[in-house]
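Trainee: Quick one: the structure is below, questions incoming.
Chains as they are written, first to last, in the working numbering: chain A, 66 to 355; chain B, 603 to 855.
Encoded structure:
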């Protein structure tokens with residue numbers, strides 16, 4: 066898959082933003098006043114910024130409102146509804162904390178549930194696609210949820226929880242790579258089944274349908290970065306998980322905490338780039354590619 | 603709504619004969635010609651006159667080499683367009699309701715006024731049947747020439763998809779695959795028509811007919827045995843020459 070920057074930025078930052086909102090919503094000793102304002106500002110910048118970034122890859126963003134209509138069948142539509150619901154509820158909850166020093170817990174719980182639902186629905190947009198066997202697996206929602214909760218815990222200063230959740234996310238990511246590398250082969254979809262000609266003999270793509278490239282090849286057959294996959298996986302593990310966990314273990318102050326967050330964000334950006342760049346769409350088989 | 607109908611009155615679709623297709627791409631050209639000036643946004647080209655040309659097509663013809671274990675390789679031309687699946691994954695993923703499958707005839711269409719160009723339907727399609735037009739930024743796909751097949755302004759023989767009408771080899775057939783007595787259903791039954799990627803669970807309406815087995819040509823030329831160019835029995839002048847040359851230093855054994 067083509068790793069579009071808008072989608073990488075969207076999944077990374079909205080995941081972190083909604084993760085932070087989740088912990089703010091559940092916090093029994095929630096911050097109030099200016100401290101609360103800073104936390105909510107960071108969460109909204111990330112969550113809303115990510116959502117806005119996601120509209121950059123739309124052909125007609127001016128029609129984006131129509132995307133709320135098909136919640137009965139479409140995970141993308143459900144995600145939009147979950148995101149707006151969460152942002153509205155958490156805005157009320159945040160206003161209570163910032164301006165009135167009051168914690169309206171029910172709103173917080175509802176918002177936390179909404180944040181979880183938003184991240185889950187985002188992950189299901191990818192998980193539902195049988196055409197991309199690597200994503201069509203339980204590790205995809207597990208990874209999105211653990212990353213979001215772990216990143217949110219890191220941002221909200223929950224040291225032990227952040228360490229545990231980031232460790233869990235790292236384990237899920239390693240499992241996702243382990244299973245993912247053979248998912249296309251295991252899916253049973255091959256050039257033989259794609260053409261139905263496998264019964265005659267070995268099928269080979271002889272000539273593509275055109276001399277140039279096309280939308281399908283640009284969108285679905287990204288091979289440029291795959292050769293550095295091993296190095297990028299190591300960098301991901303180091304930046305997203307190892308460095309933040311090490312900093313948390315050594316004890317944090319404001320400066321090292323910032324370092325842990327920056328390292329984690331850089332690592333997740335790298336992780337998401339791999340998530341797209343390494344994903345093989347079965348349409349590539351028709352072109353003798355993957 | 604982008605939920606799929608539980609059943610459709612008809613299952614209009616194509617039957618493509620891989621035995622007959624000669625790979626001339628006439629269906630590709632007629633498809634682009636008709637669909638760029640009729641239903642919906644035109645099909646744009648980018649850098650059409652440079653080395654990096656690309657463009658939107660609703661129908662493309664691949665060519666595959668198939669190598670049987672013990673026979674000569676076969677070249678098979680393979681036209682591919684939307685298969686108007688019964689369980690179309692492209693429809694259910696659409697967040698706006700722009701993509702839909704018609705109850706009356708099963709045709710999968712895009713209402714371009716509702717399309718936000720998110721591309722998710724193209725991600726969901728295993729066949730590469732949907733392309734986002736780079737100029738109009740909306741999703742384009744085969745309409746089964748919905749503006750021809752019901753068009754009473756056209757002479758009756760033209761009321762079929764442009765690709766079918768134009769195919770010089772008669773490799774494309776159009777009809778109701780939901781009716782077991784229709785010509786296309788009969789053809790599928792007779793020739794062993796098959797689905798593409800059945801394991802994806804899309805239940806495509808379009809069917810493909812396999813290439814017929816190659817004939818084994820009988821030996822009909824009585825002189826052929828006397829014209830064998832290479833002596834393998836090692837007798838006579840050629841046999842002596844073979845041995846003599848092999849005996850030279852560096853000669854092939």
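Glycine residues also receive a C-beta, built at the ideal position from the N, C-alpha and C atoms.
Excluding the 5 residues flanking residue 357 of chain A on each side, which residues of the same chain have their C-beta closer than 8 Å to its C-beta?
Mentor: No statement about residue 357 of chain A is possible, as the shown extent of chain A runs from 66 to 355 and does not include it.
Trainee: Can you confirm whether residue 201 of chain A, when its beta carbon is compared against all beta carbons of chain B, has any partner nearer than 7 Å?
Mentor: It does not: the Cβ of residue 201 of chain A has no partner Cβ on chain B nearer than 7 Å.
Trainee: Would residue 669 of chain B be called buried (16 or more neighbouring beta carbons within 10 Å of its own) or exposed?
Mentor: That one is exposed.
Trainee: Among the residues of its own chain, which have a CB less than 8 Å from the CB of residue 314 of chain A, if the five just before and after it don't count?
Mentor: Around residue 314 of chain A: 228.
Trainee: Flag this pair as touching only if the region 163-181 of chain A and the region 676-694 of chain B have three or more C-beta atom pairs under 8 Å; answer yes or no.
Mentor: No, they do not touch.
Trainee: Please go through the same chain and pick out, in chain order, the residues whose beta-carbon is closer than 7 Å to the beta-carbon of residue 268 of chain A, but skip the five residues on each side of it.
Mentor: Hits under 7 Å: 256, 257, 260, 262.
Trainee: So, is the C-beta of residue 146 of chain A closer than 7 Å to a C-beta in chain B?
Mentor: No, residue 146 of chain A lies away from the interface with chain B (no Cβ there is under 7 Å from its Cβ).
Trainee: Run down chain B in chain order and give the residues with a C-beta less than 8 Å from the C-beta of residue 131 of chain A.
Mentor: The answer, in chain order, is 697, 698, 699, 700, 716, 718.
Trainee: Residue 616 of chain B and residue 776 of chain B - do their beta-carbons sit closer together than 7 Å?
Mentor: Yes.
Trainee: Does the distance from the C-beta atom of residue 633 of chain B to that of residue 727 of chain B stay below 7 Å?
Mentor: No.
Trainee: Using only CA atoms, which one of A:345, A:248, A:235 lies nearest to residue 301 of chain A?
Mentor: Closest option to residue 301 of chain A, Cα to Cα, is A:235.
Trainee: If the cut is a Cβ gap below 9 Å, which residues of chain B does residue 270 of chain A touch?
Mentor: The answer, in chain order, is 664, 665, 666, 667.
Trainee: Run the CB neighbour count on residue 774 of chain B, radius 10 Å, all protein chains shown included, and call it buried at 16 or more, exposed below.
Mentor: Buried, because 16 or more other Cβ atoms sit within 10 Å of the Cβ of residue 774 of chain B.
Trainee: Which residues in the same chain have their Cβ closer than 7 Å to the Cβ of residue 208 of chain A, if we skip the five residues on either side of it in sequence?
Mentor: 234, 237, 238, 241.
Trainee: Evaluate the contact criterion for the region 86-97 of chain A versus the region 136-146 of chain A: three or more CB pairs, one atom per stretch, below 8 Å.
Mentor: As far as the Cβ criterion goes, the region 86-97 of chain A does not touch the region 136-146 of chain A, which means the pair count is below three.
Trainee: Pull the bridge partners of residue 837 of chain B from the DSSP assignment, please.
Mentor: Per DSSP, none; premise fails for residue 837 of chain B.
Trainee: Going along chain A in order, which residues have a C-beta closer than 7 Å to the C-beta of residue 671 of chain B?
Mentor: What residue 671 of chain B touches in chain A: 266.
Trainee: Give a yes or no on whether the C-beta atoms belonging to residue 687 of chain B and residue 806 of chain B are separated by under 7 Å.
Mentor: Closer than 7 Å, so yes.
Trainee: Quick check: the Cα distance between residue 136 of chain A and residue 145 of chain A, rounded to an integer number of angstroms?
Mentor: The alpha-carbon atoms of residue 136 of chain A and residue 145 of chain A are separated by roughly 9 Å.
Trainee: Any heavy atom of the ligand NAD closer than 6 Å to the Cβ of residue 269 of chain A?
Mentor: Looking at this structure, you won't find the ligand NAD or any other ligand, since it has none at all.
Trainee: Given 8 Å as the limit, is there contact between the region 123-131 of chain A and the region 713-720 of chain B, that is, 3 or more CB pairs closer than that?
Mentor: Touching, yes, given that three or more Cβ pairs across the two stretches are closer than 8 Å.
Trainee: Under a Cβ-count criterion, where at least 16 other Cβ atoms within 10 Å of its own Cβ denotes burial, should residue 106 of chain A be classed as buried or exposed?
Mentor: Residue 106 of chain A is exposed by the Cβ-count criterion.
Trainee: At a CB-CB cut-off below 9 Å, which residues of chain B make contact with residue 318 of chain A?
Mentor: None at all; the shortest Cβ gap to chain B is about 43 Å.
Trainee: Would you list, in sequence order, the uninterrupted beta strand (DSSP E) runs of no fewer than 3 residues that lie entirely inside the region 751-805 of chain B?
Mentor: For the region 751-805 of chain B, whole beta strand (DSSP E) runs of length 3 or above, ordered along the chain, are 774-778.
Trainee: Could you give the DSSP three-state label for residue 666 of chain B: helix, strand or coil?
Mentor: Residue state, collapsed to three classes: strand.
Trainee: Expressed to the nearest angstrom, what Euclidean distance is found between the alpha-carbon atoms of residue 328 of chain A and residue 794 of chain B?
Mentor: Answer to the nearest angstrom: the Cα atoms are 58 Å apart.
Trainee: Is residue 828 of chain B buried or exposed, if buried means 16 or more other CB atoms sit within 10 Å of its CB?
Mentor: Exposed, because fewer than 16 other Cβ atoms sit within 10 Å of the Cβ of residue 828 of chain B.
Trainee: Against residue 343 of chain A, what residues of chain B qualify as contacts under a CB-to-CB distance less than 7 Å, listed in chain order?
Mentor: The premise fails here: residue 343 of chain A is roughly 15 Å from chain B at the closest Cβ pair, so nothing lies under 7 Å.
Trainee: Could you check what DSSP says for residue 742 of chain B in three-state terms: helix, strand or coil?
Mentor: Correct three-state label for residue 742 of chain B: strand.
Trainee: So, is residue 733 of chain B buried or exposed, given that buried needs 16 or more other C-beta atoms within 10 angstroms?
Mentor: Buried, because 16 or more other Cβ atoms sit within 10 Å of the Cβ of residue 733 of chain B.
Trainee: From residue 852 of chain B to residue 846 of chain B, what distance separates their C-alpha atoms?
Mentor: Their Cα atoms are separated by approximately 12 Å.
Trainee: Mapping DSSP to helix, strand and coil, what is residue 266 of chain A?
Mentor: Residue 266 of chain A: coil per DSSP, three-state reduction.
Trainee: Count the other CB atoms, across all protein chains shown, that sit within 10 Å of the CB of residue 121 of chain A; report buried if there are 16 or more and exposed otherwise.
Mentor: Exposed is the call here.
Trainee: Which residue wins for smallest C-alpha separation from residue 666 of chain B, given the options B:817, B:819, B:849, B:812?
Mentor: Taking only the C-alpha atoms, the option nearest residue 666 of chain B is B:812.
Trainee: Count the other CB atoms within 10 Å of the CB of residue 802 of chain B; is the residue buried (16 or more) or exposed (fewer)?
Mentor: It is buried - the Cβ of residue 802 of chain B has at least 16 other Cβ atoms within 10 Å.
Trainee: By Cβ distance, which residues of its chain are closer than 7 Å to residue 74 of chain A, with the 5 residues on each side in sequence left out?
Mentor: 115, 118, listed in sequence order.
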